[in-house]
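A short write-up of the structure that comes next.
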């Protein structure tokens, strides 16, 4: 939905506060770069490295040749968008973390840690001891559904997909996913949809019973996903929640901690339940954490 930019002289600090623009304002990455760099009045020859964190959902074509037509000496380094998120969290400031649950209140860097982020899609990455990032395919995995209601919901969510692929967590845990849950519930109750996009739903739907039910389903499924992420990755060092939808839910005071943690703390065998409950869960306040990850990547490229 958004593209974020920042400049750095030394690869360690931002020159100015990062900026954010809607992607639909631009037809290409080159156009977006020109729009950002125009007011900065930099010599194009002074731009030596351009690091780009890009998801597969963004259809901009990023090519060295076309960008060098604008910045002739630049080198393009492409990083998976959620890997950049995880890289940024390696040196995150404690004031950018909000502890929302878990017995421990600080990350344990001696254990793997997980980062999940619902936004345009559903991102997932692991931070392993030694500050190594394991990228993944995010929410493109079969959901471990528990109740008949959850199974029925995902069956109905398939009607919104044109590619006929298997049900995946991202069908529910994304911006479109939340809106589609709401649409499914409206359809069940033979109601017209009052909200046409996810932000409108979160902004105006807090007292709408169908929107509230959609949010409850969303947090229930988010808890299931998080449980799998922790147990499969043995990532009990920390769970970091990022992403545009998470930021909006918390900003609107709509993050349903009760439902999320009830679903996260599945009645598993004692050792697993103990480890999951011990894992500190944080909301990452810094919306530019992936840009900070790109700074770290620039240092790694030079070393």
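In our numbering, the protein residues as written are 6 to 308. Ideal Cβ placement from N, Cα and C applies to all residues, glycine included. All values derive from a computational prediction rather than experimental measurement.
Just to confirm the assignment, what range does the beta strand (DSSP E) spanning residue i have?
{"i": "residue 111", "result": "That residue, residue 111, is in no beta strand (DSSP E); it is neither H nor E in DSSP."}
{"i": "residue 277", "result": "Note, residue 277: premise wrong, no beta strand (DSSP E); alpha helix (DSSP H) at 275-283."}
{"i": "residue 208", "result": "Segment 203-209 is the alpha helix (DSSP H) holding residue 208; no beta strand (DSSP E) there."}
{"i": "residue 137", "result": "137-140"}
{"i": "residue 128", "result": "127-133"}
{"i": "residue 122", "result": "118-123"}
My output table needs one value for residue i: the three-state DSSP class, helix, strand or coil.
{"i": "residue 8", "result": "strand"}
{"i": "residue 187", "result": "helix"}
{"i": "residue 18", "result": "coil"}
{"i": "residue 96", "result": "coil"}
{"i": "residue 74", "result": "coil"}
{"i": "residue 176", "result": "helix"}
{"i": "residue 69", "result": "helix"}
If residue i sits next to residue j, beta carbons under 8 Å apart, how far is it from one beta carbon to the other, in whole angstroms?
{"i": "residue 98", "j": "residue 130", "result": "Rounded, the Cβ-Cβ distance is 19 Å, inconsistent with contact."}
{"i": "residue 264", "j": "residue 228", "result": "7 Å"}
{"i": "residue 303", "j": "residue 58", "result": "Contact doesn't hold; Cβ gap of about 12 Å is too wide."}
{"i": "residue 206", "j": "residue 187", "result": "6 Å"}
{"i": "residue 309", "j": "residue 94", "result": "Shown here, the chain extends from 6 to 308; a query on residue 309 therefore has no answer."}
Confirm, please, whether the CB-CB distance from residue j to residue i is below 8 Å.
{"i": "residue 102", "j": "residue 289", "result": "yes"}
{"i": "residue 150", "j": "residue 156", "result": "yes"}
{"i": "residue 125", "j": "residue 180", "result": "yes"}
{"i": "residue 255", "j": "residue 123", "result": "no"}
{"i": "residue 259", "j": "residue 220", "result": "yes"}
{"i": "residue 104", "j": "residue 287", "result": "yes"}
{"i": "residue 119", "j": "residue 240", "result": "yes"}
{"i": "residue 183", "j": "residue 202", "result": "no"}
{"i": "residue 49", "j": "residue 76", "result": "yes"}
{"i": "residue 346", "j": "residue 170", "result": "Residue 346 lies beyond the stretch modelled for the chain, which goes from 6 to 308, so this question has no answer here."}
If you follow the alpha helix (DSSP H) that residue i is in, where does it begin and where does it stop?
{"i": "residue 286", "result": "From DSSP, residue 286 is part of no alpha helix (DSSP H) but of the beta strand (DSSP E) over 286-289."}
{"i": "residue 215", "result": "214-238"}
{"i": "residue 39", "result": "34-42"}
### Query
Does the stretch 197-209 come close enough to the stretch 162-176 that 3 or more CB-CB pairs lie under 8 Å?
no
### Query
Does the pairing of the stretch 27-46 with the stretch 7-14 give three or more beta-carbon distances under 8 Å?
yes
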